[in-house]
Every structure is written in C-alpha cells, then in structure tokens.
Amino acid sequence: MVGIPSRHKSLVLLAGVIVLQVLLLAVQIKRDSQGRLIRVWTVGAVSPFQRAGVYGVGHIRDTWHHYFALQNTSRENEQLRHENGELKMQIAQLQSKAAEADRLAMLLNFRKSHEDVPMIGARVIGASAGTASQTIDLDRGERDGVRKNMGVITPDGVVGKVVEAYQGTSQVLLLTDKDSGVGAMMADSRIQGPVGGTGEPLLSMKYVANDDIVNIGQRVVTSGMDRIFPRDLPVGTVAEIKPGNPFKLIRVRPAANLERLEEVIVLLTLRPLELKKEPEPANPQSSGAQSPAATAADSAPAVKP
Amino acid sequence: MNDAFDIRSSSELHIEVHKFHTGAILATLVLALFIQAFLPIYFPQVAILDLPLLITIYFGLSRRNPSTGLLLGMAIGLVQDSLSGPTVPLGLYGIAKTVIGYLASSIGARLDTEHPAARFALTVLFFGLHQGIIVLTRRILLAQPEPWFNLHLAIGAGVNAIVAVFLFMLLDRLRKPS
Numbered sequence: 001m002v003g004i005p006s007r008h009k010s011l012v013l014l015a016g017v018i019v020l021q022v023l024l025l026a027v028q029i030k031r032d033s034q035g036r037l038i039r040v041w042t043v044g045a046v047s048p049f050q051r052a053g054v055y056g057v058g059h060i061r062d063t064w065h066h067y068f069a070l071q072n073t074s075r076e077n078e079q080l081r082h083e084n085g086e087l088k089m090q091i092a093q094l095q096s097k098a099a100e101a102d103r104l105a106m107l108l109n110f111r112k113s114h115e116d117v118p119m120i121g122a123r124v125i126g127a128s129a130g131t132a133s134q135t136i137d138l139d140r141g142e143r144d145g146v147r148k149n150m151g152v153i154t155p156d157g158v159v160g161k162v163v164e165a166y167q168g169t170s171q172v173l174l175l176t177d178k179d180s181g182v183g184a185m186m187a188d189s190r191i192q193g194p195v196g197g198t199g200e201p202l203l204s205m206k207y208v209a210n211d212d213i214v215n216i217g218q219r220v221v222t223s224g225m226d227r228i229f230p231r232d233l234p235v236g237t238v239a240e241i242k243p244g245n246p247f248k249l250i251r252v253r254p255a256a257n258l259e260r261l262e263e264v265i266v267l268l269t270l271r272p273l274e275l276k277k278e279p280e281p282a283n284p285q286s287s288g289a290q291s292p293a294a295t296a297a298d299s300a301p302a303v304k305p
Numbered sequence: 001m002n003d004a005f006d007i008r009s010s011s012e013l014h015i016e017v018h019k020f021h022t023g024a025i026l027a028t029l030v031l032a033l034f035i036q037a038f039l040p041i042y043f044p045q046v047a048i049l050d051l052p053l054l055i056t057i058y059f060g061l062s063r064r065n066p067s068t069g070l071l072l073g074m075a076i077g078l079v080q081d082s083l084s085g086p087t088v089p090l091g092l093y094g095i096a097k098t099v100i101g102y103l104a105s106s107i108g109a110r111l112d113t114e115h116p117a118a119r120f121a122l123t124v125l126f127f128g129l130h131q132g133i134i135v136l137t138r139r140i141l142l143a144q145p146e147p148w149f150n151l152h153l154a155i156g157a158g159v160n161a162i163v164a165v166f167l168f169m170l171l172d173r174l175r176k177p178s
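Taken in order, these protein sequences are the chains called A and L.
Read in order, the letters of the first sequence are residues 1 to 305 in our numbering.
Read in order, the letters of the second sequence are residues 1 to 178 in our numbering.
Below you can see the structure in the form of structure tokens.
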C-alpha cells in the first residue's frame, strides 16, 4: 500500500476533518436535531463561569457606585449634578407622561387579564458566542419551570422565545435573530403582519399591502395570534417604510432594548394565552383590512422551525 | 545545490516555531470564549469582535503546524457553535475555523508574521475568508441566503484586525523563551 507523503498528511487531515463536520451538519439537517447532548455539556461547563462573572461584575459595579465614585467627587459638583438630574428627570417625566401612562396601563391590563399566567424573573448571564445567531443565556432553567417555546418579555416589550432549556439555564432567541418572528399588528390601525428579525438592530414587518396606510413612528404590538405572546405587548415602532412588490418593506425598531438586557420575564406557560375581547377600533379603513398579513400572522410561529 | 538559490530553505531558517507555557493555549481559549459570550451583555459593541477567530489565527501563526492548527480551529469552532444556540448547527463555525487554523499555520510556516502590519493584513484576510466560508456553508449546505459582504462586515474586519495587533502582542508574552 502506498503511504501518504508526510507533507500531504495535514492536507489529508484537513479534508477528513471538514468531511466529518459536513456529515455532522447533514445529520443535524436530516434528523432535525441540533446535537443537544454536546450543547448541554458545553453550556453546563460555561454557565457557572458566566454566573460568577455576572455576580462579580454586579458586585464591582455596586462597590464602585457606592464608594469609589463618590469618594472622588466634590460636594459642590455632586450638588449641581443632583439638581441637574432632578431637572432633567422632571422634563423627561413631563414629556413622557402620556406615553408612560399608556405603557403602565398596558402593563396593568396585561397583569390583570393574565393573573393566572405564571411568570418568573431571570437574569441574563450570557450572550451568543458568535455573530451567526442572536441569543442570550438566562440563569433560569428547567428546574425553575422554564421550558422550550416559552415567551420572554421585559416591561418595555417582547424580547424573544426560549429555544433551549437546560437544567439551570436556558437560551433565548432574540427577536432580532434572522430565525425569529412574532405575530404583530399596528397598535392604531390593527393592520396585521408578522414581525421578524433580520440579524440587524431593526426588525422587519412583512406582508403589509402597499394600499395599507402605515406611518413612521406608529407603534407595533403583538397580535396574540402566535399563541405565545398575549395581545398588545409592545413590539416596537415603525422606523422605515419603503414601497415593495407586492408588500411594503417596513422596518421596526424594537421596543425592548435588546442590546442591553440584564433582567427579563419568562412567561411560564406553554398553553395559548387567552385573548381578551376588545371593541373594534374606530378606524374602519384599516381594521377591516384583512391583508394577507393577517393570514400569515395567524399562523406565524414565534420562531420559525 | 547552492543554498543561495534555495529561497525556501534560507527563509525557513529564520522562522521560529514558538512554544507556549503549559496550559496557556487552553486557558486562552476558555477565556476568549467566555469573554465572547459575556462582555456583550454590558458592552454590546464588543459583539463585533470574534475573539475565538483571533485566537485561532494567533496560535496557527505561532505554532506553525498545520495539523495542530486545524484541530485547534475545529475545537474552537465547535465549542463556539454549541454556545451559539440551536439556530447555529454544529459545524458552521467548526468548518470555517478548521480552514482558518490550517491556513494560518501554513502561512506561519512560510512567512515571518511577527510584524504588526503583517498581522493586521492577515487578520483582515482571514476575517474575510472566515465570513466567506460561513456564507458558503449557509448557502450550499443549509440553503440559507446570507449576504457575502456589507458595511458591518467591513467594519468588523477592521476592528478585529486592530484588536488582533494588540492582542497578539499580549499573547506573545505567553511564549516560552527560545
């Protein structure tokens, strides 16, 4: 048998390793499995360090804020800063009064109408290890009642959906991920269309017909049709609108600050959330516009398989 | 044969294979993966960095052994895959980093890659190639359309190359004295 020349051995090894990984990819696609065992081991090995890191950073930050930062600040500077902060806060409070009232009313409504929906607070302990996906790791897992496909929110709006639940941690696919999506509609006109991630900070709202009237700044909320998120949770605001063929190209800025998440709420239920009966909106122009989006949104899963 | 005309042997004489302190490579890998998955929580801009790629390139260029380079790249890539959530199949980063590990080691064995300018240029090159392999894998094997190039990637290449220059200087301190 002819031996492989030593200078070609690494090339043969390269080919072999790549072929093995291609086969690994093929197996995952064919069997629709994602190598869960390997992921469980890896996440299990890394998550203790992530927890320690988060708590360590929190401790250092608290120490800094409560001791070192104050020690080096003069009293006068502190007083001026304090007054300035109060004034800014007053201005901000006045400016956002209406919006805040809306948001609080919505949250209150959500809490009241879903008192039976169990929720749990979770701390973000990690983020995606690469740019190919947009996920976060939570410090709550199966032993806390978290299961795959549960919705994740913040008081600001929708965050994403649990895609993997391990014993003590879980992974959440953010709304900005390319494989992510949520049934949504315009808050005012009730025009429906699934909102999905694009891998970029802005989301994309699909299947809104060119005839439908959409304005920049309009609020987008969950439609509840995906049966994961309850209706009327903030998804975002319309940031860009372009005419397309056959549907508008709408970009949505997420309501929740998905780039700076530290604590989130997991909706601990897998059953479809009951929808409230609400009066029809006054604007008949768009409420009746059961565009192809409505049909798509009705069946849109929170995350594409 | 006259050595004066043997370019390969004369250049290879000056290229040193660097060895590292025990556990330095493993510790660096674990730290890079941890930072990659941890820092973006507090500093979202850090997500543009691909520290596992930079580590693959550095140890490939320094160790200058294609076999260990590609195996190291594969290991880093597969761990990165498994930490990236179920939407990233195992092997996506694995294949890309295997190739990068092999090429970095092969280039490191032929060229002097100690100069910061060379390291900058090679990192830009490898970043682009890494992205190209990921896009190719997604398009051909996973049937997922992905843009070949955009502004974000160009900025990513530049930022990673700048960070690589300083990171590599830092990692040089882990080398065993020759």
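In this text, a Cβ means the ideal position worked out from N, Cα and C, and glycines have one as well.
- If only complete runs of 3 or more residues are kept, the segment 133-180 of chain A shows the beta strand (DSSP E) at 135-138, 151-154, 157-165 and 170-174, in order along the chain.
- Boundaries around A/V195 are those of the beta strand (DSSP E), Q192 to G196, since no alpha helix (DSSP H) includes it.
- For the segment 118-129 of chain A, the beta-carbon criterion of a distance under 9 Å to any beta-carbon of chain L is satisfied by V124, I125, G126, A127, S128 and A129.
- Note that the C-beta distance between L/A37 and A/G126 is below 7 Å.
- Counted as a single uninterrupted DSSP element, the beta strand (DSSP E) harbouring A/I250 occupies residues L249 to P254.
- Distance from the CA atom of L/P66 to the CA atom of L/F20, rounded to whole angstroms, is 17 Å.
- Residue environment for A/D179: buried (at least 16 other C-beta atoms within 10 angstroms of its C-beta).
- It is roughly 14 Å from the alpha-carbon of A/E86 to the alpha-carbon of A/N77.
- L/F38 has a beta carbon lying within less than 7 Å of a beta carbon in chain A.
- Taking 7 Å as the Cβ-Cβ cut-off, the segment 151-182 of chain A approaches chain L at V163, E164, Q171, L173, D177 and D179, given in chain order.
- Per DSSP, A/K242 is one residue of the beta strand (DSSP E) stretching across P234 to K242.
- Across the set L/I41, L/L129, L/I48 and L/Q144, the C-alpha of L/I48 shows the shortest separation from the C-alpha of L/V159.
- Around L/F126, no beta-carbon contact reaches into chain A at under 8 Å, the shortest distance being about 15 Å.
- Taking every protein chain shown into account, the CB of A/Y55 has fewer than 16 other CB atoms within 10 angstroms, so this residue is exposed.
- For L/F34, the nearest CB of chain A lies under 7 Å from its own CB, placing it at the interface with that chain.
- A straight-line Cα-Cα distance of about 11 Å links L/L167 and L/I57.
- For A/I265, the enclosing beta strand (DSSP E) has its first and last residue at E263 to L267.
- For L/Y58, the nearest beta carbon of chain A is not closer than 7 Å to its own beta carbon.
- With a 10 Å radius around the Cβ and a threshold of 16 neighbouring Cβ atoms, L/K97 comes out buried.
- Pairing L/G60 with L/M74 gives a Cβ-Cβ distance that is not under 7 Å.
- Comparing C-alpha distances from L/V46 to each of A/P254, A/H59, A/E83 and A/A129 shows the shortest one belongs to A/A129.
- Residues of the segment 87-104 of chain L with a Cβ closer than 8 Å to any Cβ of chain A, in chain order: T87, V88, P89, L90, G91, L92, Y93, G94, I95, T98, V99 and Y102.
- Straight through space, the alpha carbons of A/R143 and L/D112 are spaced by roughly 53 Å.
- When DSSP states are grouped into helix, strand and coil, A/G183 belongs to the strand group.
- Taking the Cα of A/L138 as reference, the smallest distance to any Cα among L/T68, L/N150 and L/L83 is reached at L/L83.
- Going by DSSP, A/R219 is part of the beta strand (DSSP E) stretching over R219 to T222.
- Taking C-beta separations shorter than 6 Å and ignoring five residues to either side along the sequence, the partners of A/T198 in its chain run S204, following chain order.
- Taking the Cα of A/Q50 as reference, the smallest distance to any Cα among L/I41, L/D50 and L/I55 is reached at L/I41.
- According to DSSP, A/S204 shares a beta bridge with A/G196 and A/R251.
- In the DSSP assignment, L/V165 falls within the unbroken alpha helix (DSSP H) covering L151 to D172.
- Chain-ordered listing is empty here: chain A has no CB closer than 8 Å to the CB of L/L136, the nearest sitting near 12 Å.
- Scanning its chain for C-beta atoms nearer than 6 Å, with the 5 sequence neighbours on each side dropped, one finds around A/V159 the residues V152, I153, A256 and V264, in chain order.
- Taken through DSSP and simplified to helix, strand or coil, A/M225 comes out as coil.
- Listed along chain A, no residue sits closer than 7 Å to L/A164 by beta-carbon distance, the nearest being about 16 Å off.
- Beta-bridge annotation (DSSP): L/M74 is not paired with any residue.
- Taking 7 Å as the threshold, the shortest C-beta distance from A/V17 to chain L falls below it.
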